[in-house]
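Using numbering that gives the first Met the number 0, you'd call the opening residue of the sequence shown number 0 and step up by one each time. Glycine residues also receive a C-beta, built at the ideal position from the N, C-alpha and C atoms. Since the structure is predicted, the reported quantities are computational estimates derived from the model, not experimental observations.
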Amino acid sequence: MNLQDYILGIQLHLIKTHQKVLEMFDINPNTRNYRPKDQGWTISEILEHIALTSHFLLILIEKGTDKALKNVQNLSLTEEMEKEKFDLRKIDSIGIHKSFDWIRPEHMEPQGQKTDHEIKTELINQLHICLNQLQKLKGGEGLLYKTTMTVNGLGKLNVYEYILFLSKHAERHLYQIEENIKEYTEKNNL
0 MNLQDYILGI QLHLIKTHQK VLEMFDINPN TRNYRPKDQG WTISEILEHI ALTSHFLLIL
60 IEKGTDKALK NVQNLSLTEE MEKEKFDLRK IDSIGIHKSF DWIRPEHMEP QGQKTDHEIK
120 TELINQLHIC LNQLQKLKGG EGLLYKTTMT VNGLGKLNVY EYILFLSKHA ERHLYQIEEN
180 IKEYTEKNNL
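Written out as structure tokens, the structure is:
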């Protein structure tokens, strides 16, 4: 895989995942607000959690983008690109619901203080920000800055990997949403 395919793969994942997430706002309110038997989150709460988590990840992504662009002056982009394997599979587990235990920080738990419209708008804006960050880093610059990700022992991630992490996190919760829909449907014989 080369740099362009690597970036395109991340862009496509972002767009497809966010499209599916945004479709969840069209589910009828009874289904969206159903609390599963295990007392987990409702679909509305899951959507709010995705937006909250993405908000905090975007802070790191935007800082990482700025630092990566500054590092172009001090580091060899050519050397980094030669070393890079352009393999994003190490992040795949993030997108699989219940693939590992994940204890989220309290500030990423839904509070129910925003409307569905506000959350949907925030998710759309977050998608645009991610795509803009990828555009800023289209020449491979995102390889020049890494930040440690402790979740599932991932270790150092470059800016591109952080962006995909954000998208994989949303994907993970789509599985949770599907479980809620299935349980609601079975319970109500729909």
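For L76, same chain residues with a beta-carbon under 6 angstroms away, outside a window of 5 residues either side, are G139 in chain order. If the five residues before and after G8 are omitted, its C-beta is found closer than 7 angstroms to the C-beta atoms of L87, all from its own chain and listed in chain order.
For the 9 angstroms CB-CB criterion, H12 and L122 do not form a contact.
The alpha helix (DSSP H) runs lying completely inside the region 105-161 and spanning 4 residues or more are 115-135, given in chain order. Using a Cβ distance threshold of 9 angstroms, L142 and N157 count as a contacting pair.
DSSP places D65 inside the alpha helix (DSSP H), whose first and last residues are I42 to N70. When DSSP states are grouped into helix, strand and coil, Y183 belongs to the helix group. Taking C-beta atoms as the reference points, L136 and I6 count as a pair closer than 9 angstroms.
Comparing C-alpha distances from L153 to each of K89, N27 and P104 shows the shortest one belongs to K89. Here the region 96-112 makes no contact with the region 22-31; the two share fewer than three CB pairs at distances below 8 angstroms. In this structure, H172 places its C-beta atom within 9 angstroms of the C-beta atom of H96. By the 16-neighbour rule on beta-carbons within 10 angstroms, N187 is exposed. Judged by DSSP secondary structure, K15 falls within the alpha helix (DSSP H) whose first and last residues are L2 to E22.
Here E83 carries a coil assignment [DSSP, helix/strand/coil]. The C-alpha of T120 lies about 10 angstroms from the C-alpha of L126. A contact between stretches requires three or more CB pairs, one per stretch, nearer than 8 angstroms, and the region 67-82 fails this requirement with the region 173-187.
Residue nearest to C129 within the set L56, I45 and K36 is L56 (criterion: CA-CA distance). Annotated as proximal: I180 and I42, with beta-carbon spacing under 9 angstroms.
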